[in-house]
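In full-length UniProt numbering, the protein residues as written are 1 to 549. Cβ coordinates follow ideal geometry from the N, Cα and C atoms, glycine included. Just so you know, these numbers come straight off a predicted model, no measurement behind them.
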């Protein structure tokens, strides 16, 4: 690996013509030294000057490592020509851009792509087209399956993240059109998300100033239908080395995992790093918790090593024989290495017990190891009442803003939140993978939601969320519901306790379920939302299953 930084030439602007004649503009950063150089390409919709510096080093830093760095405005964004439609042109435009970048002056003809979120997805769409010059990817925080990994979670609309993003993109469209009225209205809405109109998910500002927003389609397609399938990148027969990056508090982590597992049969290495990060930024403090110096962003240096391996012919390439999966263990605050994504072969199961007052007292509900269950204990159901006038608010986690880990003891003290807590642990407890809660539930409404939050309880009674899950349920009759929480990796220390909190809302991270049979539920007026009584039964079907690390 080169150790000296190269001087970098002043930024240049280069353009290409797509196959249908649209001009796409890019900022290009060159090392001020003899080449040829490999190319790093990022394609993004936010104005190329940003260059994803919210999580990555500036392109000049990458250029100084010996790369031609190309930051391109996708079609209809920045100064690039054409109309922007969410992901609609990224396959063909991605192919054209990769092949064009490979032919830039002093290029060695090899292209790697990097970027997170939308910029991660543009990598996958370009790879779908199989451009010959594309040799390696570094997709980070990608909602690979747009329906289940990005827009909806187990049938529930991710309101805060999705609506906020829709307003941001619509404001940029208005700015490019020079529509000051629309821009100012959308910008104001972005600073104070308009959730209090007649329909929370469908504010007037979107109706009036963003008629071509993708948000209209998302609301019109609450099921995983052909609309969503047409948006999913098709990586059939795509085989490239990929450096995957995710965060325990990122909303798209399930997409990262889905992509990593799908590429497991690749003949090329697939490396995966998951830190204790939210979508933005990738730093040591996430929410109210400082995860220590090991949590500081290592990805820039990792990407340099990664692309050096695949885009150059140099012989001093660091070996890739180390274990490919790097997961940050929250609690011990250390990176752990695995050969593959952790399996759930070894589990610990807890039963939920209470005297029926788990909604009223945090010390009433208990998580009891199945092996220690007392058959003499009478199973008493717990009942909570969800009032849409004052839904349980979202706090941290992966789907709300700000995301991360927050002190939530005040939330757990609400009477519409059921809490179940272990005794103080006598030994450390390490959990890695998919946490699942299986609940026998019944409601007096034909539809309702269920939120599950897993937290650490400190001896001084502070409570910090670790992971959570959310699902939308149809049918009020007694039924067994299995809910997978966001994948996680944590270690609780002896003297701490583990808590499961259950509620029927998590607003505004998700829309409030109106409790009706009118579909789509997300466009039911708030005036029609109803109070829902939810019963959680304590029997052999109600349990918490932890995958042990």
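Exposure of residue i, with buried meaning 16 or more beta-carbon neighbours within 10 Å
i, result
"residue 372", "exposed"
"residue 5", "exposed"
"residue 550", "Limits of the chain in this structure are 1 at one end and 549 at the other, which puts residue 550 out of reach."
"residue 511", "buried"
"residue 230", "exposed"
"residue 559", "The requested residue 559 does not occur in the structure, where the chain is confined to residues 1 to 549."
"residue 246", "buried"
"residue 346", "exposed"
"residue 18", "buried"
"residue 178", "exposed"
"residue 268", "exposed"
"residue 421", "buried"
"residue 461", "exposed"
"residue 83", "exposed"
Residue i to residue j span [Cα, whole Å]
i, j, result
"residue 405", "residue 411", "13 Å"
"residue 86", "residue 343", "35 Å"
"residue 389", "residue 180", "35 Å"
"residue 509", "residue 64", "41 Å"
"residue 30", "residue 419", "57 Å"
"residue 425", "residue 369", "11 Å"
"residue 261", "residue 529", "40 Å"
"residue 190", "residue 486", "27 Å"
"residue 114", "residue 300", "10 Å"
"residue 545", "residue 433", "11 Å"
"residue 105", "residue 16", "14 Å"
"residue 313", "residue 195", "54 Å"
"residue 103", "residue 111", "10 Å"
"residue 70", "residue 308", "16 Å"
"residue 494", "residue 428", "5 Å"
"residue 34", "residue 337", "38 Å"
"residue 361", "residue 414", "9 Å"
"residue 353", "residue 382", "9 Å"
"residue 366", "residue 387", "25 Å"
"residue 518", "residue 201", "15 Å"
Whether residue i touches residue j by CB criterion (8 Å)
i, j, result
"residue 242", "residue 137", "yes"
"residue 448", "residue 358", "no"
"residue 586", "residue 355", "Absent from the model: residue 586. The displayed extent of the chain is 1 to 549, so no value can be given."
"residue 471", "residue 156", "yes"
"residue 282", "residue 297", "yes"
"residue 248", "residue 276", "yes"
"residue 121", "residue 142", "yes"
"residue 259", "residue 139", "yes"
"residue 22", "residue 77", "no"
"residue 146", "residue 232", "yes"
"residue 468", "residue 453", "yes"
"residue 431", "residue 264", "no"
"residue 516", "residue 524", "yes"
"residue 37", "residue 56", "no"
"residue 271", "residue 256", "no"
"residue 438", "residue 484", "no"
"residue 97", "residue 39", "no"
Three-way DSSP call (helix, strand, coil) for residue i in this model
i, result
"residue 544", "strand"
"residue 135", "strand"
"residue 83", "coil"
"residue 277", "strand"
"residue 509", "coil"
"residue 121", "helix"
"residue 184", "helix"
"residue 11", "coil"
"residue 207", "helix"
"residue 271", "strand"
"residue 489", "strand"
"residue 244", "strand"
"residue 140", "strand"
"residue 326", "strand"
"residue 467", "strand"
"residue 335", "strand"
Residues near residue i by beta carbon distance below 8 Å, same chain, minus five either side
i, result
"residue 456", "331, 463, 464, 466, 490, 492, 496, 497, 498 and 499"
"residue 339", "323, 324 and 325"
"residue 8", "29, 30, 31, 32, 60, 63 and 64"
"residue 417", "359, 384, 392, 411, 501, 502 and 503"
Own chain residues within Cβ distance below 6 Å of residue i, not counting five before or after
i, result
"residue 170", "186, 210 and 213"
"residue 401", "160"
"residue 480", "440 and 541"
Other residues of its chain near residue i: CB distance less than 7 Å, five sequence neighbours each side excluded
i, result
"residue 119", "42, 43, 44 and 52"
"residue 79", "25 and 73"
"residue 100", "16"
"residue 488", "248, 431, 435, 466 and 467"
"residue 520", "219 and 222"
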